[in-house]
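Q:
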Amino acid sequence: MTKSSAKTANFIFFTSFSLLFIGFILLGLGWKFYVQEGVSLFEVLYITLSLAVLAALVLAWLLSLINTRYQLPARWLTVFSKWTLHHMLYYLARFFSFICWQKKQIYQESFLHYNNKTVVNAARGKRHQNILLLLPHCLQNSKCKIRITTDIEACASCGKCDIAVLKALVHKYHTRAAVATGGSLARKIIKDTKPELIVAVACHRDLTEGVRDAWQYPVYAVLNERPHGPCFETTVNINTIENILRKFQ
Ligand code: SF4
């Protein structure tokens, strides 16, 4: 098992486990109502509805798992599985990972790896012209006099932070990059540029929120490095970014 697969397995385990757990509880309740006399209509409706919701969740999860390796036959199936993954299964698995005392960051990292797998699978065989490299503001050197927002072309390429190298990469691969100072700006940049694919760099929390927020877009997540602590003069592995750009172009 590769390192990436091992990280992905964590999210797969908690999602599958949570669905199985709820399934057993509901089937147990259903059986109890079935053998018991004098079951009210409300109880029958309650169990039937809960089982129907659970069946929809299980279906979405199975489709999502298939989607990490194969393309789904219809677009609506992809939308259904993605929406459910980001809006429901994420919370369900998060709850079970929380009660199992798992660190939030480990769970988030696993979710991001899982998401990347689906992005890579969806991009297989495609060449992307319009890739947006979305960067966090904390990559910039804190003493830099130039305030870089949205477009990194303003960078004077002095080499004191990774922005200069990323700017060179953007030129080399004829793509575009933007610096977002927050979620609202990131949303605006995405809305304005309508990228085919987003490569987003950020910390665990921002990436997880960003990937889920922009769930309709394929967002490949790259965690930044924090040698000076969070949100201050962070860095990113340039080789990783270059390999990703090569992979998707
Ligand atoms: S590389 Fe660009 S952003 Fe970084 S400190 Fe130099 S001018 Fe500022």
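Just so you know, we're using our numbering here: the sequence shown kicks off at 125 and counts up by one.
We treat Cβ as the ideally placed atom computed from N, Cα and C, and that holds for glycine.
Is DSSP giving L196 helix, strand or coil here?
A: Against the sequence shown, residue 196 aligns to sequence position 72. Three-state result, L196: coil.
Q: I think T305 touches T332, with their Cβ atoms under 8 Å apart; what is that distance to the nearest whole Å?
A: Mapped onto the sequence shown, residue 305 falls at position 181. Mapped onto the sequence shown, residue 332 falls at position 208. The Cβ separation is near 18 Å, so there is no contact.
Q: Taking C-beta to C-beta, are L216 and L201 nearer than 8 Å?
A: For the purposes of this step, residue 216 is taken as residue 92 along the sequence shown, with counting starting at 1. For the purposes of this step, residue 201 is taken as residue 77 along the sequence shown, with counting starting at 1. No; because the gap between Cβ atoms is not below 8 Å, this pair is not in contact.
Q: With a Cβ-Cβ cutoff of 8 Å, do S174 and L150 count as a contact?
A: Counted from its first residue, the sequence shown places residue 174 at position 50. Counted from its first residue, the sequence shown places residue 150 at position 26. Result yes, Cβ atoms of S174 and L150 sit closer than 8 Å.
Q: By Cβ distance below 8 Å, which residues in the same chain neighbour I314 in space, the five residues on each side in sequence not counted?
A: Within the sequence shown, residue 314 is the residue found at index 190, counting from 1. Residues of the same chain with a CB within less than 8 Å of the CB of I314, apart from the 5 flanking positions on each side, are L256, L258, I322, A338, Y341 in chain order.
Q: Between D275 and A247, how many whole angstroms is the CB-CB distance? I'm expecting something under 8 Å.
A: Position 151 of the sequence shown, counting from 1, holds the residue named residue 275. Position 123 of the sequence shown, counting from 1, holds the residue named residue 247. Actually they are not in contact, since the Cβ atoms of D275 and A247 sit about 25 Å apart, beyond 8 Å.
Q: Count the other CB atoms, across all protein chains shown, that sit within 10 Å of the CB of T364; report buried if there are 16 or more and exposed otherwise.
A: Along the sequence shown, read from residue 1 onward, the residue named residue 364 stands at position 240. T364 sits exposed, since fewer than 16 C-beta atoms from the chains shown fall within 10 Å of its C-beta.
Q: Is any heavy atom of the ligand SF4 found at a distance shorter than 7 Å from the C-beta of C262?
A: As a first step, residue 262 must be located in the sequence shown, where it is residue number 138. False, no ligand heavy atom lies under 7 Å from that Cβ.
Q: Going by other Cβ atoms of all chains shown within 10 Å of its Cβ, with 16 needed for buried, is Q229 buried or exposed?
A: Residue 229 sits at position 105 when you count from the first residue of the sequence shown. Q229 comes out exposed.
Q: Once DSSP output is grouped into helix, strand and coil, what is the label at Y341?
A: What you label residue 341 is simply residue 217 of the sequence shown in a count that begins at 1. DSSP places Y341 in coil when its eight states are reduced to three.
Q: How would you call Q264, buried or exposed, if buried means at least 16 neighbouring beta carbons within 10 angstroms?
A: Reading the sequence shown from its first residue, position 140 is the one you call residue 264. Buried is the call here.
Q: Rounded to a whole number of angstroms, what is the C-alpha to C-alpha distance between L213 and L181?
A: In the sequence shown, residue 213 corresponds to position 89, counting from 1. In the sequence shown, residue 181 corresponds to position 57, counting from 1. One C-alpha to the other measures close to 7 Å.
Q: Quick one: residues in its chain with C-beta nearer than 8 Å to the C-beta of G147, no 5 flanking neighbours on either side, listed in chain order?
A: Along the sequence shown, read from residue 1 onward, the residue named residue 147 stands at position 23. Here the set comprises L178, V182.
Q: Verify the contact flag: A280, CB atom, against every heavy atom of the ligand SF4, threshold strictly below 7 Å.
A: Locating residue 280 in the sequence shown gives position 156, counting from the first residue. Indeed, a heavy atom of the ligand SF4 lies less than 7 Å from the Cβ.
Q: Buried or exposed: which applies to V203, given that a residue is buried once 16 or more other Cβ atoms fall within 10 Å of its Cβ?
A: Numbered from 1 along the sequence shown, position 79 holds the residue referred to as residue 203. Exposed, because fewer than 16 other Cβ atoms sit within 10 Å of the Cβ of V203.
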